[in-house]
Structures are given as structure tokens and as C-alpha cells.
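**Student:** Same order as they appear, the protein sequences are chains P and L.
Each residue of the first sequence is one higher than the one before, counting from 3 in my numbering.
Each residue of the second sequence is one higher than the one before, counting from 3 in my numbering.
Every residue, glycine too, gets a C-beta built ideally from N, C-alpha and C.
Number of protein chains: 2
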Amino acid sequence: MKVLVALGGNAILQRGEEGRAEEQFRHVSAAVRQIIRMIRQGYLVAVTHGNGPQVGDILLKNEYARSILPPMPLDICGAESQGMIGYMLQQTLLNHLTTSGLEIPVITVITQTRVDPDDPAFLTPEKPIGPYYTGEEAGHLREERGWEMHRVAEGDQGFRRVVPSPDPLEIVEHESIRTLSDEGFIVISAGGGGIPVCENEGGKLEGVEAVIDKDLAAERLATAIGADTLLILTDVECAYTGFGTGSQHPIEHLSGAEAQELLDAGEFGEGTMAPKIKACIRFVESGGKAAVITSLGQALDALDGRAGTRIIP
Amino acid sequence: MKVLVALGGNAILQRGEEGRAEEQFRHVSAAVRQIIRMIRQGYLVAVTHGNGPQVGDILLKNEYARSILPPMPLDICGAESQGMIGYMLQQTLLNHLTTSGLEIPVITVITQTRVDPDDPAFLTPEKPIGPYYTGEEAGHLREERGWEMHRVAEGDQGFRRVVPSPDPLEIVEHESIRTLSDEGFIVISAGGGGIPVCENEGGKLEGVEAVIDKDLAAERLATAIGADTLLILTDVECAYTGFGTGSQHPIEHLSGAEAQELLDAGEFGEGTMAPKIKACIRFVESGGKAAVITSLGQALDALDGRAGTRIIP
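1) Residues in its own chain within less than 6 Å of aspartate 77 of chain L by CB, not counting five upstream and five downstream?
2) So which residues of chain B does leucine 96 of chain P contact, with C-beta pairs closer than 8 Å?
3) By alpha-carbon positions, which one of P/Gly246, P/Asp306, P/Gly244 and P/Leu235 ends up nearest to cysteine 282 of chain P?
4) For the beta strand (DSSP E) holding glutamine 114 of chain L, just list the boundary residues, first then last.
5) Determine whether the Cβ of proline 72 of chain P lies closer than 7 Å to any Cβ atom of chain L.
6) Are glutamate 20 of chain L and proline 73 of chain P closer than 7 Å when you measure CB to CB?
7) Does any residue of chain L have a CB that is nearer than 7 Å to the CB of valine 49 of chain P?
8) I'd like to know if lysine 278 of chain P contacts chain L, where contact means its C-beta is closer than 7 Å to some C-beta of that chain.
9) Taking valine 92 of chain P as the reference, give the member of P/Glu203, P/Glu175, P/Val34 and P/Val57 with the closest Cα.
10) To the nearest angstrom, report how far apart isoleucine 253 of chain P and cysteine 240 of chain P are at their CA atoms.
11) Going along the chain, which residues of the segment 11 to 33 of chain L sit with their C-beta nearer than 7 Å to a C-beta in chain P?
12) Should threonine 113 of chain L be labelled buried (16 or more other beta-carbon atoms within 10 Å of its own) or exposed?
13) Along chain P, in chain order, which residues have C-beta atoms closer than 8 Å to that of asparagine 64 of chain L?
14) For phenylalanine 187 of chain P, name the three-state secondary structure that DSSP assigns.
15) For arginine 144 of chain P, which residues from the same chain have a beta carbon less than 6 Å from its beta carbon, with the 5 sequence-adjacent residues on both sides left out?
16) Just confirm the distance between the C-beta atoms of glycine 52 of chain L and leucine 9 of chain L, as a whole number of angstroms; I'd bet it's less than 8 Å.
17) Is it the case that the Cβ atoms of valine 294 of chain L and arginine 308 of chain L are separated by a distance below 7 Å?
18) Can you list the alpha helix (DSSP H) stretches of 4 or more residues lying completely in the segment 195 to 240 of chain L, in chain order?
19) For the beta strand (DSSP E) holding threonine 136 of chain L, just list the boundary residues, first then last.
20) Counting only beta-carbon separations shorter than 7 Å, does isoleucine 109 of chain P have a partner in chain L?
21) For serine 178 of chain P, I'd like the list of residues in its chain whose CB is within less than 8 Å of its CB, leaving aside the five on either flank, ordered along the chain.
22) Along the chain, where does the beta strand (DSSP E) that runs through alanine 292 of chain L open and close?
23) Mind checking which residues open and close the beta strand (DSSP E) that includes alanine 48 of chain L?
24) Can you tell which of L/Gln159, L/Ile37, L/Asn12 and L/Glu24 has the C-alpha that lies nearest to the C-alpha of glutamine 300 of chain L?
25) Quick one: residues in its chain with C-beta nearer than 7 Å to the C-beta of glycine 310 of chain L, no 5 flanking neighbours on either side, listed in chain order?
26) Check the Cβ-Cβ distances between glutamine 93 of chain L and every residue of chain P, and say whether any is below 7 Å.
27) Does any CB atom of chain L fall closer than 7 Å to the CB of glutamate 166 of chain P?
28) Look at the Cβ atom of proline 127 of chain L, then the Cβ atom of valine 164 of chain L, and state whether they are nearer than 7 Å.
29) Short of 8 Å in beta carbon distance, which residues of its chain neighbour glutamine 84 of chain L, apart from the five on each side in sequence? Order them along the chain.
30) Of the residues that make up the segment 109 to 138 of chain P, which ones have a beta carbon closer than 8 Å to any beta carbon in chain L?
31) Can you give the Cα-Cα distance for alanine 212 of chain P and tryptophan 149 of chain P, rounded to whole angstroms?
32) Buried or exposed: which applies to proline 55 of chain L, given that a residue is buried once 16 or more other Cβ atoms fall within 10 Å of its Cβ?
33) What residues from chain P crowd round valine 57 of chain L, counting only those whose CB sits closer than 8 Å?
34) In the DSSP assignment, what are the bridge partners of tyrosine 242 of chain P?
35) Could you pull out every residue in the same chain whose Cβ sits closer than 8 Å to the Cβ of histidine 29 of chain L, ignoring the five residues on either side in sequence?
36) Whole angstroms are fine: how far does the CA of valine 117 of chain P sit from the CA of aspartate 169 of chain P?
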């Protein structure tokens, strides 16, 4: 039984924390302990993860040093975050496996995700990234770097850069990842949804200034490596109908079609639960046996069908 | 015939340049063109690379943002640089392979390198890293962060942090890398000499504040993956006796023992040619067929024995 575990970026660097390396390693340990429990129960595990908070910090550092060092584009910053988070996960997994007497090789693979250059998202960038700016700074950045800047909050520092979040078409390295996974490696890949690349007119891959939803990318990965289950771990124990209202109700089981109906009815928060549900629907429609949304603490129970929201074909 | 190609960090980001992503991609392309020529001639290639200039920039960005974001330790910065450089190499290799009609999977593996916590280098840190500081700043950093600070240049901004450069004992992921290489993958690994880790008392791996010489790490990797040839690419076409003197003389062939004699006699620059020669000696003493030092432009001729310095058992 192969499971792709998709960890939220917030599972590793949490809002309100400083973001020190020790804090991140501590959160990684908590996630790894759950993964080890899955392995002990016989699951074959592959891992992917978000990178929002980490790439945000990398972007901010680039901005702070921009008077002396040219800021790196988003594809490079994404690659840096894959190295960083992959290293923490890989080292911690290896340590916990050794302690558990398990000899399983762990490998972090730098991963690109192909998107369509004609994706409509490129016409209307909407995903805010990086630091907050004043209106004046935002104006300069629009002019100097051609960035799209939106007001995203009230007050003085209310502007942020927005970039497109195109739909992931394909994990470029999926064959390698599948081979490794089939041979028994625990593969950590497609971090942050993968580094967004487009095929240019000459047929060559090129990084683009965009971000990819990590859950939608996780579905492409899970399908490509032949996972039975896509396990999306997030801050809540399950998906709800009427979330945040007086009639909030946990969802236990849904068919793909039922999930699609609720999604179309706007039951799920854009940018939070909606892309997760969308990823789950796609997964079961592409041949996956089950997609599960739950919290880290409920992960094992949810795999056994005793917690979380489960979407089946 | 398996070759491990070790690219210098300066081969990708050169001194005197701004370090923009496009510049780095251009240098990566030049390196990749040579690698493609090797593949066309039938060599099985694995790749490793330095990260000096890139990790220097990452450290500098960390320092610039330190008032609002905690600086990351060296192991994390090294992991970031592996992601960044690995991505550039991987994408460019893939593009050139496709153009050449070659279907070979390329994979970048985040790599740790184990060092001995009792390595004498930990007692006398000597490798300067990161930005330059004034004497006053250096004093603060000594106190606040316990950094070892040395004066490395005349003038106002003459101080730098120095860290240990312990001898690499083992590439932690060497079995995975060998498996992938034997299966025909072009593996990019051990970037920047690998992320330095020590085994702590509980037997767990832990990052350490150190840097690893990339050529010495390349030797460990080349030996572990069963490479026939270790090819070290650098700024000069070969090693010399009397380098920089009136009687400078290129070296064509050396046995391991001859190389050791010249090394002991101080013929080679510390921190430049000496570690490369040392890596070559170790490689042929550990069963490698030949170790070659040359420039990127001479790489193919040097593999054929028509250029560069060749060290044989």
C-alpha cells in the first residue's frame, strides 16, 4: 500500500514563530514520527511538502540584500527551499529510521513541475508572495521590475507582489521518482509544488515567475508514482461543510462526484480547503484508491478510515 | 567508463560578476556542453560541484536580514545552495540531452557528508566564509554568536568568520547515489562537498558549523560509486611545479607516490591546488584508475590523455 504524504509548509515553520532552524527541525521531527508509525504499519511512503513560509523568508532575505546582490528569481528561490526542507526531512527521517532499526534509504530529489505557458493564471496573477510594501515602494517595484503589486491589507504596508499560480501539468522527474519509490526508497520530492517551468518554443524547459499549489502538484505526483492513497496533512482534522458557521459539520466520506458538487457550491475556502478537495477529486478520478485530508496527529487513524475526510472514486 | 566530473563553484558564479541568475545559467550551459560531449563519447557521467560563491551570497543575504529573520546555520545554507545549483545543472543537462536526442534521466540528490567530531580542524578553524566585517563588528560577533573571527585583509573591513574544514569521511547517501548511477541516471550530488554532519552520541546525524573541501568530498564520492576516473575541473589547464615562479612547469603524469612527494615539498598552493592533488592521490590509492586535473575547455582532451595533469596508481 503506497501512500504519498503531503505535508503543509506550515507544518514545519509555523506562523508566530521566529523560524529558527531548531524550531523547524522540531516540527520536522513531529511529522517524521508519524511517518515512521506509517512505515511500521507496513505502508510504503513517499513524501512531499509545502514551502510557503520558507520561500517567503528566502525572498525577504533577497530583498534585504538587494542593494549589493541581485535578487534571485522565484524558480531559484524555490529550488533553495527544496534543498533546505528536503535536507531537514531527509536527515530526520534517516535518524528516526536508524533508531527504529529500519534500514530504508531516503532521498531528496530536486523537482521541476511543468505548467502551460498559456495557463489563464498568467493573465491574472493572484497569489501574494514575499514581503509587504508601502504604496510608494509598490509603485517603484511595478516600474523597475514589472511586478504586479496588489493591495492585500489595510494600512501603510498593505501591498504585496502577486504572481500566477498555474495548474501543474506534470512532474518533470516523475519517472525517476517512481523508479526510486518502486525500489524501496523513501523519496522526498516536488517540494513547494515543484519548481515551475514552461517548455519554451525551442522545446527547452525554463523557470517561470510563478508558484504552484503544493496539493495539486502532490496529486500529479501521487498519480504518476502509482500511489494508492494521497494523504494531505493540514491544520484541521477534516474538511467541513459550513466551515466557520453555526452549522459547521465534519465530512467523513465523499465520492469524487459529491466532493465536486460541494466544491462547485463554494463550500470550501479558496486557497485553503478548495485546492485540497480539488487535488483529492483529481486523484480518485485518475485511478487513485482514496484521498484523505486530516491533521498530522490523526494521520494514522485517518489512513485506517477512523478519522479525517476520505474521498473515494 | 564511469567519470565523476567535479566542477568548481567558480565555474558557475565567477568573481567580478554580479551573480545574476542568467549569468549563472550561462556558465552552467558551458559546463553542460562539455559534459554532453563526454556522454556522446560513451562516458558514464556523474556530477559534483563547488558552492563557494553561492553559499557566500546566501550567508550575506542572511546577515542583511538578521534584524528580522534568524540567520540559518551553515548546514541549512549549504542545503539551499545544493538545491539552487543542482536545479540549474539538472534543468540545463536535461535540455541539452533532449536537444541531442539522448534520453537519460538526470537527478539531483541532496547529500550529507559525515565528518569526525574529533577532527583536529574543529580546534583550529581556518576557512574564511561569508561577508567581511570591521574590527568592531567582529568583536560583537565573537561575543554574541561565539564565532571565530580572523583578520584576513588589511583595511577597515578586514575581518571574516572562519570555520573548520574537517576531512570528509563518508558520503552519507553514497549507496543511493551508486544505485542510481549504476542504473544509468546522471546523478548530481555532494554539492559544495556535501552538507557537513557528525554522528552525535546517540548515533544520530546532526549538521555542524563547518565547510567541506569539495575535491576531497568528490574523491570519497568517486570511490564510493566505483568511478574509473575522477575529473577535477578548475581555472587552470593543469597542475604545475614552480607555479607562479620563473621556472613554472606543467605536470603531465604523476604516480600517486610522485604526487605525494611534490605535495609534501609544498609545490602546490594550500586551499587551491593542494587539496585537488590530495584528492587525486587518495582516489588512485583507493582503487581509482586515474585522476585528472584540467580546465573545462580541455576536459575531453584530458580524459583522452592529451591534456591536463593525470595521476595514476
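**Tutor:** According to the data block:
1) To locate residue 77 of chain L, count along the second sequence from 1; it is residue 75. The answer, listed in chain order, is Ile197 and Gly209.
2) As a matter of chain content, chain B is missing from the structure shown, whose protein chains are P and L.
3) If you number the first sequence from 1, residue 282 of chain P lands on position 280. Closest by alpha carbon: P/Leu235.
4) Residue mapping note: residue 114 of chain L aligns to position 112 of the second sequence, counting from 1. Start and end: 114 to 117.
5) Your numbering for residue 72 of chain P matches position 70 in the first sequence. Chain L contact via Cβ: present.
6) On the second sequence, position 18 is the one that residue 20 of chain L refers to. On the first sequence, position 71 is the one that residue 73 of chain P refers to. Not a contact, by the Cβ cut-off of 7 Å.
7) The residue given as residue 49 of chain P occupies position 47 in the first sequence. It does not: the Cβ of valine 49 of chain P has no partner Cβ on chain L nearer than 7 Å.
8) To locate residue 278 of chain P, count along the first sequence from 1; it is residue 276. Closer than 7 Å: no.
9) Here residue 92 of chain P refers to the residue found at position 90 of the first sequence. The sequence given here places glutamine at residue 92 of chain P; valine does not occur at that position. Looking at the Cα atoms, P/Val34 is the closest of the given residues.
10) For the purposes of this step, residue 253 of chain P is identified with residue 251 of the first sequence, where counting begins at 1. For the purposes of this step, residue 240 of chain P is identified with residue 238 of the first sequence, where counting begins at 1. C-alpha separation (whole angstroms): 7 Å.
11) Glu20, Gly21, Arg22 and Ala23
12) Translated into positions along the second sequence, residue 113 of chain L becomes position 111. It is buried - the Cβ of threonine 113 of chain L has at least 16 other Cβ atoms within 10 Å.
13) Stepping through the second sequence from its first residue, residue 64 of chain L is reached at position 62. Near asparagine 64 of chain L (Cβ distances below 8 Å), the residues of chain P are Lys63.
14) Reading the first sequence from its first residue, position 185 is the one you call residue 187 of chain P. Note: phenylalanine 187 of chain P maps to coil in three-state DSSP.
15) Counting from 1 along the first sequence, the entry for residue 144 of chain P is found at position 142. These residues qualify, in order along the chain: Met151.
16) Working through the second sequence from its first residue, we reach residue 52 of chain L at position 50. Working through the second sequence from its first residue, we reach residue 9 of chain L at position 7. Glycine 52 of chain L to leucine 9 of chain L, Cβ: 7 Å. Contact.
17) To locate residue 294 of chain L, count along the second sequence from 1; it is residue 292. To locate residue 308 of chain L, count along the second sequence from 1; it is residue 306. Contact flag unset, no.
18) 216 to 226
19) On the second sequence, position 134 is the one that residue 136 of chain L refers to. That residue, threonine 136 of chain L, is in no beta strand (DSSP E); it is neither H nor E in DSSP.
20) Translated into the one-based positions of the first sequence, residue 109 of chain P becomes position 107. Closer than 7 Å: yes.
21) The residue you call residue 178 of chain P lines up with position 176 of the first sequence. Excluding sequence neighbours, serine 178 of chain P sits near Val111.
22) Taking the second sequence and counting its residues from 1, one reaches residue 292 of chain L at position 290. Alanine 292 of chain L -> beta strand (DSSP E) spans 292 to 297.
23) Within the second sequence, residue 48 of chain L is the residue found at index 46, counting from 1. First-last of the beta strand (DSSP E) with alanine 48 of chain L: 46 to 51.
24) Residue 300 of chain L sits at position 298 when you count from the first residue of the second sequence. Closest by alpha carbon: L/Ile37.
25) The residue you call residue 310 of chain L lines up with position 308 of the second sequence. These residues qualify, in order along the chain: Glu239, Cys240, Val294, Ile295, Thr296, Gln300 and Ala304.
26) Here residue 93 of chain L refers to the residue found at position 91 when the second sequence is read from its first residue. Chain P contact via Cβ: present.
27) The residue labelled residue 166 of chain P in the question sits at position 164 within the first sequence. Just to set this straight, residue 166 of chain P is proline in the shown sequence, not glutamate. So, not an interface residue.
28) Residue mapping note: residue 127 of chain L aligns to position 125 of the second sequence, counting from 1. Residue mapping note: residue 164 of chain L aligns to position 162 of the second sequence, counting from 1. The answer is yes: Cβ separation under 7 Å.
29) Stepping through the second sequence from its first residue, residue 84 of chain L is reached at position 82. Result list for glutamine 84 of chain L: Asn53, Thr110, Ile112, Thr113, Gly193, Gly194 and Ile197, in chain order.
30) Ile109, Thr110, Val111, Ile112 and Gln114
31) By 1-based counting over the first sequence, the position of residue 212 of chain P is 210. By 1-based counting over the first sequence, the position of residue 149 of chain P is 147. One C-alpha to the other measures close to 12 Å.
32) Here residue 55 of chain L refers to the residue found at position 53 when the second sequence is read from its first residue. Buried, because 16 or more other Cβ atoms sit within 10 Å of the Cβ of proline 55 of chain L.
33) What you label residue 57 of chain L is simply residue 55 of the second sequence in a count that begins at 1. Within chain P, no residue comes near valine 57 of chain L; the closest Cβ sits about 11 Å away, beyond 8 Å.
34) Position 240 of the first sequence, counting from 1, holds the residue named residue 242 of chain P. DSSP, once it has assigned bridges, lists P/Pro252 as partnering tyrosine 242 of chain P.
35) What you label residue 29 of chain L is simply residue 27 of the second sequence in a count that begins at 1. These residues qualify, in order along the chain: Ala13, Ile14, Leu15 and Gln16.
36) Looking up residue 169 of chain P in the first sequence gives position 167. Looking up residue 117 of chain P in the first sequence gives position 115. The alpha-carbon atoms of aspartate 169 of chain P and valine 117 of chain P are separated by roughly 6 Å.
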